[in-house]
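Okay, so here's the structure we're looking at.
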Amino acid sequence: MASNNHFGMVGRWHEPNAQDMNDLERTVLPGDRLEFSRAGEWYAHWGIYVGEYNGMEHAVIHFGMFEGGAAFSKKKTSGSAVSANSKPEVRADSIRAVLGTLGKVRINNSMDKAKTPLSADAVVRRAKKMHRERVAVDYNLIKSNCEHFVNLCRYDNPSSDQVDAAIAGARTALYLVLLVVGAVVAILGIAMAVLRPRNQ
Numbered sequence: 001m002a003s004n005n006h007f008g009m010v011g012r013w014h015e016p017n018a019q020d021m022n023d024l025e026r027t028v029l030p031g032d033r034l035e036f037s038r039a040g041e042w043y044a045h046w047g048i049y050v051g052e053y054n055g056m057e058h059a060v061i062h063f064g065m066f067e068g069g070a071a072f073s074k075k076k077t078s079g080s081a082v083s084a085n086s087k088p089e090v091r092a093d094s095i096r097a098v099l100g101t102l103g104k105v106r107i108n109n110s111m112d113k114a115k116t117p118l119s120a121d122a123v124v125r126r127a128k129k130m131h132r133e134r135v136a137v138d139y140n141l142i143k144s145n146c147e148h149f150v151n152l153c154r155y156d157n158p159s160s161d162q163v164d165a166a167i168a169g170a171r172t173a174l175y176l177v178l179l180v181v182g183a184v185v186a187i188l189g190i191a192m193a194v195l196r197p198r199n200q
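Per the UniProt record's numbering, the sequence shown starts with residue 1, numbered consecutively.
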């Protein structure tokens, strides 16, 4: 487990059926980032695959706000109504438990080309340590979410492409609004200058 044999790999999406799950479980390697996606959601959930751990054959260590079971469908975001018993938590669950019956999952080590991954041993060791020690981490959708967690484990760099893309999109939208407002003001200014009666 010394190297990252799936360097830069972005695998195909796997559905929650026996054939797809068996295929993923044969392919995934300890230290891989797993991306969980659910239809209709604008965000993905992320976890680190650690292999056999705590009596589970295909364990994923992941971070988020949880209520009840492990399934991604029960995960809460800071943008949703979080109940009083939801709390930020580093959890270990099987791939199938995280996925639940909705959505899809894939190996996604796409950031390997931009950031140097730690060895697979180091990635797994860090994820397990954070889980075992119940490291207290505040959940924050923008500064400390599940993607920040997996990137801290794999690259020693807590970052989130999802957050960066959302911020870039918001900036672009703001620039477009300002551009439109500026154009309207300019057109109104020209129209008023043209239509204003001249004093002679």
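Just so it is clear, CB atoms sit at the ideal spot from N, CA and C, and this is done for glycine as well.
Beta-carbon proximity check, residue 110 vs residue 10, cutoff 7 Å: The residue you call residue 110 lines up with position 110 of the sequence shown. The residue you call residue 10 lines up with position 10 of the sequence shown. Closer than 7 Å, so yes.
Inter-residue Cα distance where the pair is residue 117 and residue 18: Here the question's residue 117 lines up with position 117 in the sequence shown. Here the question's residue 18 lines up with position 18 in the sequence shown. About 31 Å.
Test item: CB-CB of residue 62 and residue 153 under 7 Å: Taking the sequence shown and counting its residues from 1, one reaches residue 62 at position 62. Taking the sequence shown and counting its residues from 1, one reaches residue 153 at position 153. In this structure, residue 153 does not lie closer than 7 Å to residue 62 by Cβ.
Nearest neighbour of residue 134, chosen from 64, 196 and 121 [CA to CA]: Walking along the sequence shown from the start, residue 134 turns up at place 134. Among 64, 196 and 121, the Cα nearest to that of residue 134 belongs to 64.
Beta-carbon spacing of residue 32, residue 58 below 7 Å: Here the question's residue 32 lines up with position 32 in the sequence shown. Here the question's residue 58 lines up with position 58 in the sequence shown. Going by C-beta atoms, residue 32 is not nearer than 7 Å to residue 58.
7 Å Cβ cutoff met for residue 88 and residue 139: The count along the sequence shown starts at 1 and reaches residue 88 at position 88. The count along the sequence shown starts at 1 and reaches residue 139 at position 139. It is a contact, given that the beta carbons lie within the stated cut-off.
Candidates 86, 190 and 47: closest to residue 94 by CA position: Residue mapping note: residue 94 aligns to position 94 of the sequence shown, counting from 1. When each option's Cα is compared against that of residue 94, the closest is 47.
Nearest to residue 8 (by Cα), restricted to the options 119, 90, 108 and 123: Mapped onto the sequence shown, residue 8 falls at position 8. Of 119, 90, 108 and 123, the residue nearest in Cα terms is 108.
Residue 118 (DSSP reduced to helix, strand or coil): Within the sequence shown, numbered from 1, the residue matching residue 118 stands at position 118. Coil, per DSSP.
Between the CA atoms of residue 20 and residue 150 - distance to the nearest angstrom: Start at 1 with the first residue of the sequence shown, and residue 150 comes out as number 150. Start at 1 with the first residue of the sequence shown, and residue 20 comes out as number 20. Rounded to the nearest angstrom, the two C-alpha atoms are 23 Å apart.
Buried versus exposed call for residue 188 [16 or more other C-beta atoms within 10 Å across all chains shown]: To locate residue 188, count along the sequence shown from 1; it is residue 188. It is exposed - the Cβ of residue 188 has fewer than 16 other Cβ atoms within 10 Å.
Selected residue, minimal CA-CA separation from residue 40, among 104, 67, 12 and 124: The residue labelled residue 40 in the question sits at position 40 within the sequence shown. Among 104, 67, 12 and 124, the Cα nearest to that of residue 40 belongs to 104.
Contact under 7 Å by Cβ, residue 36 with residue 99: Indexing the sequence shown from 1 puts residue 36 at position 36. Indexing the sequence shown from 1 puts residue 99 at position 99. In contact: residue 36 and residue 99 (Cβ atoms closer than 7 Å).
Bridge-paired residues (DSSP) for residue 62: Taking the sequence shown and counting its residues from 1, the one referred to as residue 62 is at position 62. Answer is 47 and 91.
CA-to-CA distance, residue 137 to residue 15, given in whole angstroms: In the sequence shown, the residue the question calls residue 15 occupies position 15. In the sequence shown, the residue the question calls residue 137 occupies position 137. Answer to the nearest angstrom: the Cα atoms are 31 Å apart.
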